[in-house]
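Novice:
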Amino acid sequence: MIAASALHGYDRVVDAAVAVAASDACIVRSDMEISNIPNTSRRHFIAAASVSTAAALFTPPMLHSSEIESIPDGSTLQPTPSALSLGRSDTAVVFIDPQNDVLSEKGLSWPLVHESLKENNTIENMERIFKTAKAQGFEVFISPHYFFPTDKGWKFNGPLETDEATSGLFARKGRLNLDGFEGSGADWLARFKPYIEDGKTIVVSPHRVWGPQTNDLVLQLRKRRISKIILGGMLANMCVESHLREFLEQGFEVAVVKDATAGPKHPKWGYGYTAALINYAFLAHAVLTTDETVKAMESGQR
Numbered sequence: 061m062i063a064a065s066a067l068h069g070y071d072r073v074v075d076a077a078v079a080v081a082a083s084d085a086c087i088v089r090s091d092m093e094i095s096n097i098p099n100t101s102r103r104h105f106i107a108a109a110s111v112s113t114a115a116a117l118f119t120p121p122m123l124h125s126s127e128i129e130s131i132p133d134g135s136t137l138q139p140t141p142s143a144l145s146l147g148r149s150d151t152a153v154v155f156i157d158p159q160n161d162v163l164s165e166k167g168l169s170w171p172l173v174h175e176s177l178k179e180n181n182t183i184e185n186m187e188r189i190f191k192t193a194k195a196q197g198f199e200v201f202i203s204p205h206y207f208f209p210t211d212k213g214w215k216f217n218g219p220l221e222t223d224e225a226t227s228g229l230f231a232r233k234g235r236l237n238l239d240g241f242e243g244s245g246a247d248w249l250a251r252f253k254p255y256i257e258d259g260k261t262i263v264v265s266p267h268r269v270w271g272p273q274t275n276d277l278v279l280q281l282r283k284r285r286i287s288k289i290i291l292g293g294m295l296a297n298m299c300v301e302s303h304l305r306e307f308l309e310q311g312f313e314v315a316v317v318k319d320a321t322a323g324p325k326h327p328k329w330g331y332g333y334t335a336a337l338i339n340y341a342f343l344a345h346a347v348l349t350t351d352e353t354v355k356a357m358e359s360g361q362r
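With the sequence shown counted from 1, adding 60 to any position gets you our numbering.
#1: On a Cα-Cα basis, can you pick out the residue from P254, L144, T151 and I183 that is closest to E165?
#2: Report the three-state DSSP secondary structure of W248 (helix, strand or coil).
#3: Tell me whether A246, by its Cβ, gets closer than 6 Å to a heavy atom of the ligand GTP.
#4: Once DSSP output is grouped into helix, strand and coil, what is the label at Q159?
#5: Could you please give the first and the last residue of the uninterrupted beta strand (DSSP E) stretch that includes L220?
#6: If we count the other Cβ atoms within 10 Å of its Cβ and call it buried at 16 or more, is G293 buried or exposed?
#7: Locate the beta strand (DSSP E) running through D319, then write down its first and last residues.
#8: Out of D351, I202 and P219, point me to the one whose CA is closest to I326's CA.
#9: Would you please state the rounded distance, in angstroms, between the beta carbons of I289 and V314? I believe it to be under 8 Å.
#10: Mapping the DSSP letters down to three states, classify Y340 as helix, strand or coil.
#11: Given that a residue counts as buried once 16 or more other Cβ atoms are within 10 Å of its Cβ, and exposed if not, what is P272?
#12: Going by DSSP, what residue range makes up the beta strand (DSSP E) through I201?
#13: If contact is defined by three or more beta carbon pairs under 8 Å, each pair taking one atom from either stretch, is the stretch 248-265 in contact with the stretch 149-161?
#14: Going by the DSSP bridge assignment, what does I289 pair with across the sheet?
#15: Got a sec? Which residues, its chain only, sit under 6 Å from V263 by beta carbon, not counting five neighbours each side?
#16: Could you check what DSSP says for V263 in three-state terms: helix, strand or coil?
Below you can see the structure in the form of structure tokens.
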């Protein structure tokens with residue numbers, strides 16, 4: 061039971077709130093008309109008017125699917141520009157999975173990714189960043205993706221993991237076995253090898269699903285006092301985005317290079333690249349083109 065005094069107080073609040081809600085809802089009534097509304101009706105009125113007003117005030121603008129599809133390059137999804145500076149002493153390039161299976165015409169993922177790779181000029185842009193990093197003295201890290209025979213013992217997988225496991229994506233014969241590795245889907249794209257195999261690029265242990273939680277990438281970055289990351293590689297909506305999210309949780313500042321990545325166009329699941337761009341805009345400290353990235357690196361603090 062509600063005490064009578066509480067009901068009386070509630071009615072006084074209702075009297076005041078009705079007038080406010082009526083005004084907010086653009087309903088014109090005189091004081092007499094409002095005061096003559098029975099208690100029960102007044103309560104219903106204030107509830108309905110308040111809900112209507114709250115809905116009008118707090119319903120966020122929606123981005124319709126047609127609008128998303130009309131901005132494939134993500135140009136209108138840029139985050140607010142930040143003061144992120146890319147200095148040689150505290151900034152590194154991190155490329156995810158620069159491997160044949162997701163970049164080569166002979167790779168297993170080529171049917172799904174080739175359109176996005178061509179639209180973004182991804183391979184050429186990644187090479188430009190490799191070249192600039194080496195010329196300007198930025199450290200470069202590679203986070204690769206491998207599957208070993210013992211991984212077939214995993215008891216459960218997500219949809220894309222299942223596809224990878226059954227297709228043999230990034231497959232190797234063993235952790236210490238390089239038989240058949242040269243030129244395989246798990247090997248580096250040939251045009252990137254001069255930059256990756258120069259004795260200076262840091263190739264970390266493989267990530268096992270999507271993100272760096274399962275490898276030593278964060279440790280290697282911290283040991284070199286890297287706090288800012290220029291991020292690119294494959295796939296935009298999977299491993300690249302997963303690395304981005306973990307880097308943010310670990311306290312790094314991250315600039316994603318949106319045309320140094322690409323995503324799959326899946327017949328059932330949709331276009332992964334568009335999904336990634338939306339999330340980059342919400343998450344990253346900067347979303348840059350390769351031109352912008354190269355310019356920033358060339359003018360970076362020594």
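Even glycine gets a Cβ: it sits at the ideal position worked out from N, Cα and C.
Remember, it's a predicted structure, so these values are computed and weren't measured experimentally.
Specialist: In short, the structure shows the following:
#1: As a working note, residue 165 is residue 105 in the sequence shown. Considering only alpha carbons, the answer is I183.
#2: Residue numbering aside, residue 248 sits at position 188 when the sequence shown is read from its first letter. Strand.
#3: Of the ligands one can find in the structure shown there are none, so the ligand GTP has no counterpart to examine.
#4: On the sequence shown, position 99 is the one that residue 159 refers to. Under the three-state reduction of DSSP, Q159 is assigned to strand.
#5: Your numbering for residue 220 matches position 160 in the sequence shown. Careful: L220 lies outside any beta strand (DSSP E), inside the alpha helix (DSSP H) at P219 to S227.
#6: Within the sequence shown, residue 293 is the residue found at index 233, counting from 1. That one is buried.
#7: Here residue 319 refers to the residue found at position 259 of the sequence shown. Here the beta strand (DSSP E) through D319 covers E313 to T321.
#8: If you number the sequence shown from 1, residue 326 lands on position 266. A small correction: the amino acid at residue 326 is His; Ile does not occupy that position in the sequence shown. Residue P219 is the option with its Cα nearest to H326.
#9: Translated into the one-based positions of the sequence shown, residue 289 becomes position 229. Translated into the one-based positions of the sequence shown, residue 314 becomes position 254. Going by Cβ atoms, the distance from I289 to V314 rounds to 5 Å, so yes, they are a contact pair.
#10: The residue given as residue 340 occupies position 280 in the sequence shown. The answer is helix: DSSP assigns Y340 an H, G or I state.
#11: The count along the sequence shown starts at 1 and reaches residue 272 at position 212. With a 10 Å radius around the Cβ and a threshold of 16 neighbouring Cβ atoms, P272 comes out buried.
#12: Stepping through the sequence shown from its first residue, residue 201 is reached at position 141. Residue 201 is actually Phe in this sequence, not Ile. Start and end: E199 to S203.
#13: yes
#14: For the purposes of this step, residue 289 is taken as residue 229 along the sequence shown, with counting starting at 1. For I289, which the question treats as bridged, DSSP gives the partners A152 and V314.
#15: Against the sequence shown, residue 263 aligns to sequence position 203. The residues are I202.
#16: Locating residue 263 in the sequence shown gives position 203, where the first residue counts as 1. It is a strand residue.
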